[in-house]
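Going left to right, the sequence shown walks through residues 80 to 1023 as this note's numbering numbers them. Every residue gets a Cβ at the ideal spot worked out from N, C-alpha and C, and that includes glycine. The structure appears right after this line, and notes come after that.
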Amino acid sequence: MTFSDVAGASTCEDCTGGQVSRERATKCDGCFDGFVCEEGSVPEFCTGGSFSNLETNHTCTPCPAGSRCPGASDKVVCRSGYYQDKEKQLKCLECPANQDTGGLEGQTACVCKDTFETIAAFDDDNDSNGDFSSDARLFDCLCGPGSNFQFGRCAKCTLGFFKNSTDNEPCSTNSPGYFSSAARTSEEPSPAGSSCEGGRMLPCASGKYAAERGAASCTVCPDNEDTGGLEGQTSCSCKSTFIEVTDPDSGAIECTCPAGTNLANGQCQQCTSGKYSTEYGFDACASCPDNEDTGGLEGQTSCSCKSTFIEATDPDSGAIECTCPAGTNLANGQCQQCTSGKYSTEYGFDACASCPDNQDTGGEEGQTACTTMAGFFADKDDNSLPVPDGVRSDIVDMNITTLELEPGFWRTSSTSTDVRHCPSPDACVGGSDTSGYCAEGHTGAYCDVCVDGYSEVGTSLTGMTCVECTGGNKATVALGAVVLAALLIAPCVYFWLKRRKSEDVLEAAMGDAKAALATKKQLEKKKKAADAFLNNVQTPFKILLSYAQIVSGFSFNFGIRFPPFYSSVMAAMSFANLDFISVAPMGCLVSTSYHHQLLTYTILPLVAFAALLGLYKILGLRRSSTTSNDFRDQVFNSFLLLTFLVLPTTSTKILNTFACDEFDDGTRFLRRDLGIDCDSATHKFFELYAMCMIIVYPVGIPAMYFVLLYKAKDLLDRGQAKLVNTKIVKLVEEIEEETGAVDKEEVGDEHKEALLVSYVYDYITDQGEIEDAVKKGDIVLEDQWISSLQDEHKPLLQFIAKESNVCRIFWHCREDKETVLGVEVVLSEEGAKNEALRRRAADEEAYSKLGRMKFLFAAYEPKCWWFEVFETLRRLLLTGGQVILNQGTPSQIVLNLIICIFSMKMYARYSPFVNAKADELAEIAQYQLFFTMLAALCIKVDIS
80 MTFSDVAGAS TCEDCTGGQV SRERATKCDG CFDGFVCEEG SVPEFCTGGS
130 FSNLETNHTC TPCPAGSRCP GASDKVVCRS GYYQDKEKQL KCLECPANQD
180 TGGLEGQTAC VCKDTFETIA AFDDDNDSNG DFSSDARLFD CLCGPGSNFQ
230 FGRCAKCTLG FFKNSTDNEP CSTNSPGYFS SAARTSEEPS PAGSSCEGGR
280 MLPCASGKYA AERGAASCTV CPDNEDTGGL EGQTSCSCKS TFIEVTDPDS
330 GAIECTCPAG TNLANGQCQQ CTSGKYSTEY GFDACASCPD NEDTGGLEGQ
380 TSCSCKSTFI EATDPDSGAI ECTCPAGTNL ANGQCQQCTS GKYSTEYGFD
430 ACASCPDNQD TGGEEGQTAC TTMAGFFADK DDNSLPVPDG VRSDIVDMNI
480 TTLELEPGFW RTSSTSTDVR HCPSPDACVG GSDTSGYCAE GHTGAYCDVC
530 VDGYSEVGTS LTGMTCVECT GGNKATVALG AVVLAALLIA PCVYFWLKRR
580 KSEDVLEAAM GDAKAALATK KQLEKKKKAA DAFLNNVQTP FKILLSYAQI
630 VSGFSFNFGI RFPPFYSSVM AAMSFANLDF ISVAPMGCLV STSYHHQLLT
680 YTILPLVAFA ALLGLYKILG LRRSSTTSND FRDQVFNSFL LLTFLVLPTT
730 STKILNTFAC DEFDDGTRFL RRDLGIDCDS ATHKFFELYA MCMIIVYPVG
780 IPAMYFVLLY KAKDLLDRGQ AKLVNTKIVK LVEEIEEETG AVDKEEVGDE
830 HKEALLVSYV YDYITDQGEI EDAVKKGDIV LEDQWISSLQ DEHKPLLQFI
880 AKESNVCRIF WHCREDKETV LGVEVVLSEE GAKNEALRRR AADEEAYSKL
930 GRMKFLFAAY EPKCWWFEVF ETLRRLLLTG GQVILNQGTP SQIVLNLIIC
980 IFSMKMYARY SPFVNAKADE LAEIAQYQLF FTMLAALCIK VDIS
């Protein structure tokens, strides 16, 4: 195609591609639609399936997929419902069944409609393997799970139906108890608590339940059960007034009425007041038994006793019943309190009983027991008895377990009526608590045992006290032991030094015969004076010591407490028992148990005895002299003195080993040491030991006394009784010597008569008695100078009257031709005694065996040479012998009184002592013992 836009141009120009020109055209125009214009060429028509227009720059363009090109000028998109999946197509294809373009145009393929699912189809012609076809049109549109084909579309399965496959088959009906899922793609069992009806899952209505999944319908709750007004329950529960119980036979759980209710109008209703139901069930409520009610309350499972009654168990049937409590009785259908003065000990309906004698209710009503009056107590059998001694009598309502003990008393237990006086009153504080009877530091029977860390001080007589062991106490005890040892050793040293001094003086004078004789006479004179002093002191000492040893043990031996003043006096006398252990807390240093005391009091004296007897034997082997013999005699007499001192105390220790107190609980403890069990093996051994010591002390020492005295009895008594009315001659020189006259060298002969009168004087007798004796002839005065004796010479007449029954005075010519004044007398009892004493004294000088045992007989008249044995046995009976005299009883005191009366008779019958005043002192001591024992008997039997 050409054009020329210049006039007169020789040639025309070709139009560019995409343009066309007409004849004689001055320009080129655009190519025609449907044609393709190439440069310089004639427009050509686009063939089928292509198009050309301005948009394509008038080039033939293939018709794209999704459109059709029926003409050459333009393409036409496939309308909705049609598609074209290829290019250069003249027309669009209609979508297959169940497919469309989704309302879109120009689609190259159809898709399944919105309710269908796309399922690829097999291309059996082209793929022998059955693979999916690659051709987009070879697929199926089917209804997916949960829908089916209806009216040309996939519709969701209706309720009660489901479909779990992809096809156009109809939906399946739900199985019973199953419901469709929300997508209707499956069926599911209904959960517990719901059911499926018409394919719909519904919760169980109130009153129904489904226990498991897949229930086609809910089950109605059994009788007496519901769901509590709730829906969708998996189980029913008992209604509000019912309870669950397990059937004892089948084991099934069922709902029933609880105890305290019964079934009424389909509900469990509470039992009304006065009725009860003890067990679950539907039985009617029962009425309360007699004397019982529900206290005005409803719904009770049991009845209780009325307000004034109590529950009690019948002893025969074991049933619980309501009855009147103790302290009441039944009156007018109620339990009423017992009136004052009456009581009821046990529950029941019996009438109240009147209180026994010595009991009352203290003015109170409703009492279960009568209380004992002051001064009485109730024993374990509820008998009212007077309180024992030692129990307070001002307290009411005491029974055997609440006895209020006074201070100073003790008992074994709270059920004991054996109230005993404590040997150490301060140790027992009294009270009603058996564990608190004892003061601090004290324990055991009678509170007479010290606890660890304490030591006893004193005795039961002085009041034993447990003292805490401290450093100061231990030092005091040690110092006291040293002082005691010094006091015991000091006398021995003193007498030894004195003896040595006498020997030195005598030895110094041996060179001069006259001086030696004078020294010897001087020493003998001093010895006689010392012997006379000792004899005067020794006798009352022995009497008082014996009295103190006996009296100091009365309180313990008789088991009584004397008045305080007299107790303190007896306590002061306890020194006589040589009980040094009790004066200080010796237990802080060494054991002071009675067993150790027994060993101490028996072994130490034996050691001392052996030492003294050994010394006595050694002195006998040495060259004898007057001084050494005297000392040897002193050693043996010291041995006898020691036996005298220790015998009562040691014998008492030995015999008290067998003295045990038996208590009402069956225990037995040593009376002297209540910490020692009498039934223990240790104590049995010491009892055997004590039996051996009995032979040594309470038997051996008196036997030794008797043997010593009996062997010397002929020398001790030269016939005192036979000397009465015997005629003897006494020279003035003998009288001077016996009466202590001065030596003749010191006084002239003219004064001999005066000497005789002066030194013979013993007693002053009234002048009338002497004159009567002269008139009767009992006194014969042969020499006229006697008749003229002045008053100062009357003692001579007194001597004559005392020493003789009939006498005469004469001048006597001695062998040396010297005339001396003499007296011939017929001896009276007093004269016979003195003559026997003079003869015994002479025998003492002649026979050493008498001098060594002078301690045993010096205090007694010759005729009573045996009296020390009697006195020893008396002391033993009244001290250690108390163990065998039914100790602590009135009969013991009576036996002691009999012993005392017998002793008084012996003292009165024999008047054994040389010194008449000693007889009087001994008799006074016996009377004192007698009245002390009589007072003890009065206290023991309580004569008040």
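CB of residue i within 8 Å of CB of residue j, strictly
i       : j      : result
Ser254  : Glu267 : no
Ser129  : Cys142 : yes
Cys191  : Gln178 : yes
Gly127  : Thr187 : no
Tyr784  : Glu947 : yes
Gln628  : Thr958 : yes
Cys1035 : Asn370 : Beyond the ends of the chain as shown, which are 80 and 1023, falls residue 1035; an answer cannot be given.
Glu304  : Lys287 : no
Gln1005 : Met983 : yes
Pro619  : Ala997 : yes
Ala1015 : Ile963 : no
Pro727  : Leu955 : yes
Tyr162  : Cys148 : no
Phe764  : Thr736 : no
Lys421  : Cys403 : no
Thr450  : Ala405 : no
Pro327  : Tyr359 : no
Thr480  : Thr491 : no
Pro941  : Gln799 : yes
Ala938  : Phe992 : yes
Ala234  : Thr194 : yes
Tyr355  : Thr387 : no
Rounded Cβ spacing between residue i and residue j (contact assumed at less than 8 Å)
i       : j      : result
Glu377  : Gln349 : 4 Å
Cys548  : Gly532 : 6 Å
Leu795  : Trp944 : 4 Å
Asp112  : Ser131 : 6 Å
Pro486  : Pro504 : 7 Å
Cys364  : Asn341 : 5 Å
Ala294  : Gly256 : 6 Å
Leu691  : Val714 : 6 Å
Arg263  : Phe230 : About 17 Å separates the two Cβ atoms, so there is no contact after all.
Pro1024 : Ser244 : The structure shown does not extend to residue 1024, since the chain is modelled only from 80 through 1023, so no value can be given for it.
Lys1019 : Phe633 : Lys1019 to Phe633, Cβ: 11 Å. No contact.
Phe361  : Thr325 : Between Thr325 and Phe361 the Cβ distance is about 16 Å, and since that is not below 8 Å, they are no contact.
Of the residues the options, the one placed nearest residue i, counting alpha carbons only
i      : options                        : result
Tyr768 : Ile733, Cys757, Leu698         : Ile733
Thr357 : Leu906, Cys382, Asp369         : Cys382
Glu443 : Thr451, Cys417, Ala176         : Cys417
Ser314 : Tyr645, Phe633, Ala284, Ser131 : Ala284
Gly523 : Phe748, Ser386, Ser907         : Phe748
Ala453 : Asn735, Glu323, Ser472, Leu726 : Ser472
Phe723 : Leu952, Lys167, Asp439, Lys459 : Leu952
Gly515 : Val536, Val155, Phe488         : Phe488
Met985 : Phe635, Glu950, Asn408         : Glu950
Gly441 : Asp476, Ser259, Thr320         : Asp476
Gly339 : Ser259, Phe321, Gly699         : Phe321
Thr373 : Gly353, Phe388, Thr252, Phe361 : Gly353
Val155 : Lys170, Tyr926, Val299         : Lys170
Val536 : Ser672, Cys414, Asp512         : Ser672
Per DSSP, cross-strand counterpart(s) of residue i
i      : result
Cys384 : Glu371
Asp439 : Thr450
Met280 : Cys275
Arg232 : Gln229
Leu935 : Answer by DSSP bridge pairing: none, since Leu935 is not bridged.
Validate contact between the segment 712 to 730 and the segment 499 to 511 using beta carbons, cut 8 Å, 3 pairs: no
The segment 776 to 790 / the segment 739 to 755 touching (three or more Cβ pairs under 8 Å): no
Touch test, the segment 417 to 432 against the segment 463 to 479, Cβ-Cβ under 8 Å, three pairs minimum: no
Contact the segment 999 to 1009 vs the segment 974 to 986: 3+ CB pairs below 8 Å: yes
At least 3 beta-carbon pairs within less than 8 Å: the segment 908 to 918 vs the segment 745 to 765: no
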